[in-house]
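Notes follow the structure.
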Amino acid sequence: MTTAPGRRSSTFTRLLRHGFTDPSAAEHLLDLDALASVRSDPVLLEALGATADPDLALRGLVRIVEAGEEGERQVLLDTLVTAKPLRDRLLGVLGASEALGDHLARYPRDWQALVTYESADLHPGVAEFEQGLADAVDPDSLRVAYRRCLLTLAARDVCGTTGLAQTAAELADLATATLRAALAIARTAAPEDAAQCRLAVVAMGKCGGRELNYISDVDVIFVGEARDGVDETKAMQAATRLAAHMMRICSDTTVEGTIWEVDANLRPEGRNGPLVRTLSSHLAYYQRWAKTWEFQALLKARAVAGDPELGAEYVDAVSPLVWGAADRENFVPDVQKMRRRVVDNIPADRIERELKLGPGGLRDVEFAVQLLQLVHGRSDASLHSGSTLEALRALAEGGYVGRADAAQLDEAYRFLRAMEHRIQLYRLRRTHLVPEGEADLRRLGRSLGMRTDPVAELNKAWKRHASVVRRLHEKIFYRPLLDAVAQLAPGESRLSAKAAAIRLEALGYADPAAALRHLEALSSGVTRKAAIQRTLLPVLLGWFADSADPDAGLLGFRKVSDALGKTPWYLRLLRDEGAAAENLARVLSAGRLAPDLLMRAPEAVAILGDPGGLTPRTREHLEQEVLAAVGRAGDAESAVAVVRGVRRRELFRTTAADLIGSYGTEDSPAEQDHGALVDRVGSAVTDLNAATIAGALRAAVRERWGDTLPTRFAVIGMGRFGGHELSYGSDADVLFVHQPREGVSDEEAGRAANAVVGEMRRLLQLPTADPPLLIDADLRPEGRTGPMVRTLKSYEAYYRRWSLVWESQALLRAEHMAGDAELGRAFVELVDPLRYPMEGLGEDAVREIRRLKARMESERMPRGADPTLHAKLGRGGLSDVEWTVQLIQMQHGWAEPGLRTTRTREALAAACAADLIPAEEAQTLDEAWVLAARVRNAVMLVRGRPGDTFPSDARELAAVGRYLGYEPGHVGDMLDDYRRITRRARAVVEERFYGAAG
């Protein structure tokens, strides 16, 4: 085939047209003597072009022909061009599987297994595969025979003779026959062991469910019993040797390669448990120790090899335990843990290519089906199937899953499994990753029938089916619940009220009857509101179930819906803004505080749909809004009512942002920098309270004096308020300072200042639907017995003459918050020498601070409180860290400008930067302070009232754990971690605050 230079041959062009990607190489192969008799046959080229990878198929064909003996080559080629069935099967396999091409090149006569098919060959079962493996007498011959059987199976698959479910079932049957052959080889090798014991092999996982992949671990459990007259211990040892040998026969790599791994890790106690147990030992474990996932695994248990009676006894014995698993005490938290997608261990660069474990992957379908089987199979034996597709069909027929949803999941699952089969078939390697290379994707797409633009078509179809699975994964749990109460589709099978209640209880709802009433109220009817809510609720219910209090989430949604359901913007928000619905679900089900704030003004739900809605407003923005509102109001009370409404709205914004940041969403993972979360809350609540006080001050002044008070007046923030570290339930610690205006007597100025303070406190505590802001001035000179307001000169005189060391320490937090800014700055300048004394503190002052701290620890800890779990006063808690940092500030603030801050974490970082505390110790203190601060925030969010200790109520404690990032069922880990972290912090406090290093 020579052509003029620069011109392409007609063969080259035909090869391109038939799908070859390397026509030059293909043309060279066709020119080889081995293919001389068929190179010009158009039938061959047409058949090659119909394969998944024509180049690969041609290379494989050449290798087989060249490997065959002289006389057999022509027989193969003649049969190839004259017999279409062989042509399609052989070339189809060669174009889809490089590994099977390697096998045929090594054993070229095996192509003859593809020549003829009897009717039995079209749907072989275990018996036919056992016959195909009958001549295998050792591991090597077993591997060769296995590949020969796999060759015929793959040929039927790639040619479309068998569908996905039948192919998966045949692969499981071939595995069954292989396990039997391997066990026979092991028994032959050790007849004395075989004589001592009965051994049954029970298939689990995909093999047990007759839905196996081309290359997958074959999960098994071994059951053994002693034969009559044999000591049980000796019998179990013999059975263990047989089982281990059988596993090696299948798993070991020899000159003929390997078959697949036999995995016995699903047995009781996993790898740490004995390989073989008696039936009674299995049952004792399952009845006492087994976890929910182990019963989920047992759904697919099927006796496949060894003693058939013993295997059947095992399956019969565990079956009642499987179908009673939903009644077990820990079923609900176990389900909540399992339902959260396990993708943490998948590397980030692989998660988008994960066909099995990634979002919208095979595991999502399998888990959903198995969970529904466990929940409803205890009362409906039609659901007792190990096959995912058969179980899905039974769930739909029983009304446990909507028919349309089941049909979509069935289609998506079949497509994803077909992709998995073709990926594994190529090299017969265990993988669930979609390849990245263009050639691999092209072969994969063509193997699934995509020929116009295989890569683009494949990616589009894959993403579409994964999206369907991801969307329906949660909905199939909940949509039938709505069908059960809404009663909109006549003739459709529905869940009974009892079945619906069982499902809700299994998914974490404590009061299923009330939940069903809420669902009925939300979804019944033909209004637009009901229609939109029927669409939303299946997803919302899943988000609620992921929380510690699903019942509260559903009740909260009903209340919001009742209040806003007739407003068009609310329905549009939930329908069109995906983030808004998820954010709302997180907020409503995470505790009491945020829902309480929302219910007082449900229109604040709009915040959740605004892309910037969760960003805290700046103090300048807030002050501008509240002062403008005060200016428009008719009197002080109505003015402050508006101001407190702004505060409530902004508190909701802050709590919502905190909850969503802590929980994360489907599109945005949880915030990993917990310190940043605490700082955002502290700063937001501080700015909000400062603006609220500014508004109340303006309202109190306008009511009586108009625009100008007879005295200049400023509010100084103290404590956590001054430190920008307020939690949701904190009071606002303040000092009030005033300075008479020119021409105003001290008496008149003092009366005005005291009147303003009294009016501010009254206005901010008026009983309304909005949360009050309590102002605490007990840190003023002389405490509660001293005057509420002082002039700047009075403060100066007091501090010069009477100030105690604790007052200097308290002034470390002093910062101007509202009122006259110049007067506020003057006050701060006045106290700077007190809080940052030149040359630091003397020994007497240090001793006094330590004495006060020790006294506080012994006297202020609430009676009965656990000092290891008290966030404020407990070991290594907020007080420990803050006093340690404040001692450093008072000792070194005069020399280190970075220490002159009211914020604990900033001061600690500055102390570390100045080498006043080692970095490791600073990190220990910071971690403990952030954790204790988050605990206080969590308690307020969950309970709706402030607290410094972990709640005693189990559901509230679980909610605190979820906020802190702990999965369901890990409350004990949370408390252990808290004690460990704060214990380490206390050790630093002992050294730095109380010890010589102080």
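When you read off a place in the sequence shown, starting at 1, and then add 168, the result is the number in the working numbering. We treat Cβ as the ideally placed atom computed from N, Cα and C, and that holds for glycine.
By Cβ distance below 6 angstroms, which residues in the same chain neighbour residue i in space, the five residues on each side in sequence not counted?
i, result
"R743", "I700"
"D901", "M886, G887, F889, D944 and L947"
"L980", "R1003, Q1054 and Q1057"
"Y738", "L732"
"W1062", "Y1004 and M1006"
"Y314", "T346 and I427"
I need the DSSP call for residue i, collapsed to helix, strand or coil.
i, result
"C327", "coil"
"P908", "strand"
"F180", "helix"
"H291", "coil"
"D361", "helix"
"V569", "coil"
"A345", "helix"
"A1082", "coil"
"R817", "helix"
"D548", "coil"
"T1052", "helix"
"H413", "helix"
"R785", "coil"
"A607", "helix"
"R1154", "helix"
"T823", "helix"
"R277", "helix"
"T356", "helix"
"T936", "coil"
"H186", "coil"
What is the rounded straight-line gap between the Cα of residue i and the Cα of residue j?
i, j, result
"A657", "A634", "Caution is warranted here: a pLDDT of 46 is assigned to A657, below 50, making its placement in the model unreliable, and no coordinate value can be reported."
"D717", "V1128", "11 angstroms"
"Y1162", "A753", "47 angstroms"
"D847", "H552", "53 angstroms"
"D855", "R816", "13 angstroms"
"V694", "G721", "24 angstroms"
"M404", "E429", "23 angstroms"
"G187", "T179", "13 angstroms"
"V391", "A407", "9 angstroms"
"R614", "T620", "9 angstroms"
"R366", "G441", "19 angstroms"
"A394", "T401", "8 angstroms"
"E1158", "Y896", "30 angstroms"
"V398", "Q364", "6 angstroms"
"I884", "F995", "8 angstroms"
"D387", "G373", "6 angstroms"
First and last residue of the beta strand (DSSP E) that includes residue i?
i, result
"T879", "T879 to G885"
"A218", "Careful: A218 lies outside any beta strand (DSSP E) and carries neither H nor E."
Within a Cβ cutoff of 8 angstroms, which residues of the same chain sit near residue i, ignoring the five residues on either side of it in sequence?
i, result
"L557", "A333, E379, D578, Y581 and R582"
"A322", "V261, A264, S265, L268, Y382 and L593"
"V206", "L212, L245, L248 and V249"
"M1029", "P1035, H1038, L1041 and G1042"
By Cβ distance, which residues of its chain are closer than 7 angstroms to residue i, with the 5 residues on each side in sequence left out?
i, result
"A1013", "V973"
"Q977", "I1017, Q1054 and M1058"
Between which two residues does the alpha helix (DSSP H) carrying residue i extend?
i, result
"G392", "No alpha helix (DSSP H) holds G392; the beta strand (DSSP E) holding it covers V386 to A394."
"R740", "P736 to D744"
"V957", "Where V957 is concerned, there is no enclosing alpha helix (DSSP H), although the beta strand (DSSP E) it sits in stretches over V957 to T959."
"H271", "E266 to R274"
"Q455", "L447 to R456"
"R1102", "A1087 to R1111"
"T247", "E238 to T250"
Pull up the DSSP beta-bridge partners for residue i, would you.
i, result
"D431", "D387"
"A986", "V883"
"R470", "A371"
"V999", "DSSP output for V999 lists no bridge partner at all."
"T422", "G425"
"V444", "F390"
Taking only heavy atoms of the ligand SAM into account, decide whether any of them is closer than 7 angstroms to the Cβ of residue i.
i, result
"G376", "Judged by which ligands are present, the structure shown has none, so any question about the ligand SAM falls away."
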